[in-house]
Ligand code: RIB
């Protein structure tokens, strides 16, 4: 067949560039790509299949050398990938039945760290705001939360509410949760933007954070340190994920020397709890 011309360009497909998690990730990918002499072609899919499909069609024509994708796994994408030879690495999402190399975080472990920490500071009834379930990390964090609280006699599924990973949905979620259970004293939000929304919502309702209700988020985006109180969160290694994804892609493309081990299909990076004011109760 015809040999592809090298373009020294890789595409990065993101579900939502307005979320700082993904813009920080894009920055990491850009830095790592630059190191290998590659530039980025940024595609924001809004997690919509039609947009993602349009991007794939463009990418095909422009002959990018590889793709890093952090959107969910649509039927079109699976079809497209079966018929394409473009090297691909999936980041954050963990699609099943796909041969793509995956870079993600230990999401179940992270959720358990968050809930255990809330127990440790004395929380007696912990709620969870989860993200859209087409994002695999949302499902894993929900599972981690459930595993950590299911043996409590107070546990009920009405302590979980779905948000959409944006601030506004966190505000709405705490309203719903406190209407259902006025005695909630701890909230684990499935990402930092929803934790920020939860903080805003609680303060509006006249609650004190962390004295009345403590909050823990997920991601460790820079914004968490700007809030008052600063928000405790489960840190993902955003920079590490971006760098590793590029290294794995470079290895597929055939750049050398690359150290990353591409014999591993699923790379789950470790997460750590970052304790800040939103869970710091005076002794
Ligand atoms: O903030 C966006 C969230 O969606 C992150 O937690 C990331 O892991 C993703 O799935």
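In UniProt numbering, the protein residues as written are 53 to 335. Backbone N, C-alpha and C define an ideal beta-carbon position, used for all residues, glycine too. Source: prediction; values computed, not measured.
| query | result |
| --- | --- |
| Less than 7 Å between the beta carbons of residue 64 and residue 120, yes or no? | yes |
| What are the start and end residues of the beta strand (DSSP E) that includes residue 81? | Note, residue 81: premise wrong, no beta strand (DSSP E); alpha helix (DSSP H) at 72-87. |
| Could you check if residue 144 belongs to the surroundings of ligand 1, using beta carbon to heavy atom distance under 6 Å? | yes |
| Who are the near neighbours of residue 220 in its chain, counting only those whose CB is closer than 7 Å to its CB and skipping five residues on each side? | 249 |
| Label residue 174 either buried or exposed according to how many other C-beta atoms from any shown protein chain fall within 10 Å of its C-beta, with 16 as the threshold for buried. | exposed |
| Is it true that the region 92-108 meets the region 155-163, where meeting means three or more beta-carbon pairs spaced less than 8 Å apart? | no |
| Is residue 272 near ligand 1, in the sense that its beta carbon is under 6 Å from a heavy atom of that ligand? | no |
| State the Cα-Cα distance for the pair residue 106 and residue 112, rounded to the nearest angstrom. | 10 Å |
| Would you please state the rounded distance, in angstroms, between the beta carbons of residue 297 and residue 239? I believe it to be under 8 Å. | The Cβ separation is near 31 Å, so there is no contact. |
| Let me check understanding here. Comparing Cα to Cα, which of 161, 331, 76, 116 lies closest to residue 140? | 116 |
| Comparing alpha-carbon positions, which option in 168, 265, 228, 226 lies nearest residue 204? | 168 |
| Would the C-beta of residue 187 count as close to ligand 1, meaning under 6 Å from any of its heavy atoms? | yes |
| Just the C-alpha distance for residue 326 and residue 58, rounded to the nearest angstrom, thanks. | 42 Å |
| So residue 323 and residue 161 are in contact, right, with Cβ under 8 Å, and what is the actual spacing, rounded? | 6 Å |
| Just the Cα atoms here: how many angstroms apart are residue 331 and residue 226? | 17 Å |
| Can you list, in chain order, the residues of its chain whose CB lies under 6 Å from that of residue 304, leaving out five sequence neighbours each side? | 139 |
| Assign residue 89 to buried or exposed, taking buried as 16 or more other Cβ atoms, counted over all protein chains shown, within 10 Å of its Cβ. | exposed |
| Would you tell me roughly how many angstroms separate the C-alpha atoms of residue 278 and residue 272, rounded to the nearest one? | 11 Å |
| Would you tell me roughly how many angstroms separate the C-alpha atoms of residue 184 and residue 316, rounded to the nearest one? | 28 Å |
| Is it the case that the CB of residue 240 approaches a heavy atom of ligand 2 more closely than 6 Å? | Ligands in the displayed structure: ligand 1; ligand 2 is not one of them. |
| Under the assumption that residue 253 contacts residue 223 (Cβ atoms under 8 Å), give the Cβ distance between them as a whole number of angstroms. | 4 Å |
| Classify residue 145 as helix, strand or coil using the three-state DSSP reduction. | coil |
| Taking Cβ positions, are residue 247 and residue 267 nearer each other than 7 Å? | yes |
| Can you give me the C-alpha to C-alpha distance between residue 265 and residue 81, rounded to a whole angstrom? | 36 Å |
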